[in-house]
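Working notes for the structure below.
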């Protein structure tokens, strides 16, 4: 419920709370990462929503940890929302959706997003970052959808 309020009702106080928790565990659990990378929104969705919840979380982690922000990843295709799509539809929806603009100067970025359902978004981004010079990619999300609930079509945050 709190993630829905952050994402769809613009209640950014939830980003502050979640981001603070993420920042607290980052040095302990991800000691070898050298940059932070928010999962990008397409510019049209960003304009419509007014913000990117992953960027908000990432910004807070950045401020509290001092880790640099990797800003070269773009969502170049306006995909349909992933919610409600099955695994294969998510794969097809995200194919070619991301691009690196400029140089990827970090060897181990930490991808930050609000929720992971199938992991397809992070998988696509990780493959892209690895193809552009990263030696490893880690992922940190606020929540993970239950595989059982996802398969039953009842996954909720």
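Residue numbers (this note's numbering): 5 to 161.
Every residue gets a Cβ at the ideal spot worked out from N, C-alpha and C, and that includes glycine.
Computed from a prediction, not measured in an experiment: that's the story for all the values here.
Check	Outcome
So, is residue 44 buried or exposed, given that buried needs 16 or more other C-beta atoms within 10 angstroms?	buried
Straight-line CA distance for residue 57 to residue 107?	24 Å
For residue 26, does the three-state DSSP call read helix, strand or coil?	helix
Between the beta-carbon of residue 31 and the beta-carbon of residue 83, is there less than 8 Å?	no
Here's the rule: buried if 16 or more other CB atoms are within 10 angstroms of the residue's CB, otherwise exposed. What is residue 113?	buried
What are the boundary residues of the beta strand (DSSP E) that includes residue 173?	Absent from the model: residue 173. The displayed extent of the chain is 5 to 161, so no value can be given.
Is there at least one non-hydrogen atom of the ligand PLP closer than 7 Å to the beta-carbon of residue 6?	The ligand PLP is not part of the structure shown, which contains no ligands of any sort.
Does DSSP classify residue 148 as helix, strand or coil?	strand
Run through the region 22-77 for me and flag every whole beta strand (DSSP E) of 3 or more residues, listed as ranges in chain order.	39-42
Cα separation between residue 55 and residue 139?	30 Å
DSSP on residue 141, reduced to helix/strand/coil?	coil
I'd like to check one pair, residue 124 with residue 98: are the Cβ atoms closer than 8 Å?	yes
With DSSP run on the structure shown, which of helix, strand or coil describes residue 89?	coil
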